Ligand SMILES: [Zn+2]
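Numbering (my numbering), first residue to last: 7 to 478.
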């Protein structure tokens, strides 16, 4: 009789544990759904990447283990599990429409008047409110079963240990897989975006006469003409350009006020009526149509909101090198790093002309970050001008960069006898803006000054390092 009683006790305990476990899993799922952490999300990376289903199950299991430690004891139930369940139950109907809380969901509920809020809430299916109720009921039931059957997972060392191991194993690879899959998705999207801009060339074949020459186009960034000593700025920040130029154009206007807006127009023959670039008429394709080898070396980002269309033009080159394959802001590489690949290319033997485009990061805000490898930076006692000092130094760095490019070409000319021609221009200027007590110079506003850019040509045949000629 006693044995039978004991057996039935064990059976009841086992049944309780099973019920407890199943309820816990369902409750975890509902609570997480209630917070919008899983499911409900209409279009989200969480739902679209390949490992999403596995990750969802892992997240539910982890949360169920978490609950198992707190739901059976009275104190922890009322102080931890019950408040969580209430919160989830309250938000659950909204999560069914908007997912996790964000601007959209908060606005829908709060930033409208009472009748609109009522209307919004009444548009949610009744089923969702039933689910809210179920969360509360299940939490209480689970707690009561745990309490009655004396389920105390925290006292079971094996369970505690296994839970810890599970946490470690589940969290790490899940994060890794998720990050990896997301990264692959994002990359695919960005590269597809890049291809969107690559149109076939519509240049007919063209002809270039004369001995093979190296053409170097240096694209400056955010460099305003009036900040160059070569164009009259009082601080002597362009010692190289002051003396070394064949042609200096005063009056050149940018094709736009920001990088893409300007360069896509300036590096193509744009549609002048629509003020839009024509990717089928790029400078790269024109050079190629004349049998010129083309190379694009960039220190700007390859893909990203502010980079992709320009990169699409660069990608058309026979050889394109991007020091930064992500967004421009992801890395802070000095423009001087462009010199190594440039030198490698210039030193290669070739019997054709070459067009090498160097896309610099120049004076891109924050200019103070661009000059960390410049020895004699300009300093000012006036704190309000500290950024301007950085900016003036960044122009000095541009001057040094052009000089280094010139020297590399000059050396190669001594060896191979190839003439060269360097053109420097900036994509656009910037404008002063006072923030607090500091005068900044950036692109947060547009101005006339955005259009005033330097344009300078240095030809090997008309130029020598010691004695430069003045131009118009
Ligand atoms: Zn720019």
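Cβ coordinates follow ideal geometry from the N, Cα and C atoms, glycine included.
Note that the structure is a prediction, hence the values are computed from the model and not measured.
Please confirm whether residue i and residue j have their CB atoms less than 8 angstroms apart.
i	j	result
residue 393	residue 444	yes
residue 262	residue 271	yes
residue 329	residue 343	yes
residue 464	residue 242	no
residue 60	residue 102	no
residue 414	residue 352	yes
residue 26	residue 145	no
residue 149	residue 95	no
residue 345	residue 225	no
residue 368	residue 228	yes
residue 429	residue 223	yes
residue 301	residue 273	no
residue 230	residue 455	yes
residue 278	residue 200	no
residue 407	residue 333	no
residue 309	residue 157	no
residue 424	residue 218	yes
residue 303	residue 214	no
residue 30	residue 93	no
residue 153	residue 80	yes
residue 68	residue 173	yes
residue 140	residue 36	yes
residue 175	residue 91	no
residue 244	residue 401	yes
Would you kindly work out how many angstroms separate the C-alpha atoms of residue i and residue j, rounded to a whole number?
i	j	result
residue 461	residue 205	28 angstroms
residue 40	residue 20	30 angstroms
residue 405	residue 399	10 angstroms
residue 43	residue 151	27 angstroms
residue 207	residue 395	43 angstroms
residue 387	residue 306	32 angstroms
residue 269	residue 362	16 angstroms
residue 434	residue 259	8 angstroms
residue 295	residue 210	7 angstroms
residue 76	residue 389	56 angstroms
residue 54	residue 288	No answer about residue 54 holds up, because its pLDDT of 48 lies below 50 and its placement is not dependable.
residue 427	residue 446	34 angstroms
residue 249	residue 238	13 angstroms
residue 18	residue 11	10 angstroms
residue 266	residue 438	21 angstroms
residue 327	residue 440	37 angstroms
residue 86	residue 128	30 angstroms
residue 452	residue 436	8 angstroms
residue 16	residue 98	38 angstroms
residue 123	residue 62	31 angstroms
First and last residue of the beta strand (DSSP E) that includes residue i?
i	result
residue 441	437 to 441
residue 299	299 to 307
residue 151	Looking at the DSSP string, residue 151 is not in any beta strand (DSSP E); the run it does join, the alpha helix (DSSP H), is 132 to 154.
residue 432	426 to 432
residue 41	Premise fails: residue 41 is in no beta strand (DSSP E) and is neither H nor E.
residue 249	First-last for residue 249: 245 to 249, but that is the alpha helix (DSSP H), not the beta strand (DSSP E).
residue 226	220 to 226
residue 327	325 to 330
residue 217	Note, residue 217: premise wrong, no beta strand (DSSP E); not H, not E.
residue 339	Taken as a continuous stretch (DSSP letters only), residue 339 belongs to no beta strand (DSSP E), as it is neither H nor E.
residue 319	First-last for residue 319: 314 to 320, but that is the alpha helix (DSSP H), not the beta strand (DSSP E).
Any heavy atom of ligand 1 closer than 7 angstroms to the Cβ of residue i?
i	result
residue 468	no
residue 397	no
residue 317	no
residue 457	no
residue 235	no
residue 199	no
residue 270	no
residue 228	yes
residue 219	no
residue 264	yes
residue 341	no
residue 434	yes
I'd like the span of the alpha helix (DSSP H) that includes residue i, first residue to last.
i	result
residue 350	345 to 352
residue 377	No alpha helix (DSSP H) contains residue 377, which DSSP labels as neither H nor E.
residue 417	392 to 422
residue 294	289 to 295
residue 96	88 to 104
residue 271	265 to 272
residue 363	Not the alpha helix (DSSP H): residue 363 falls in the beta strand (DSSP E), residues 360 to 365.
- Message: With a threshold of 8 angstroms, are at least 3 pairs of Cβ atoms found where one atom belongs to the region 350 to 357 and the other to the region 369 to 389?
- Response: No, the region 350 to 357 does not touch the region 369 to 389.
Does the contact criterion of 3 or more C-beta pairs under 8 angstroms hold for the region 282 to 295 versus the region 226 to 235?
Contact between the region 282 to 295 and the region 226 to 235 is absent: fewer than three C-beta pairs spanning the two stretches fall below 8 angstroms.
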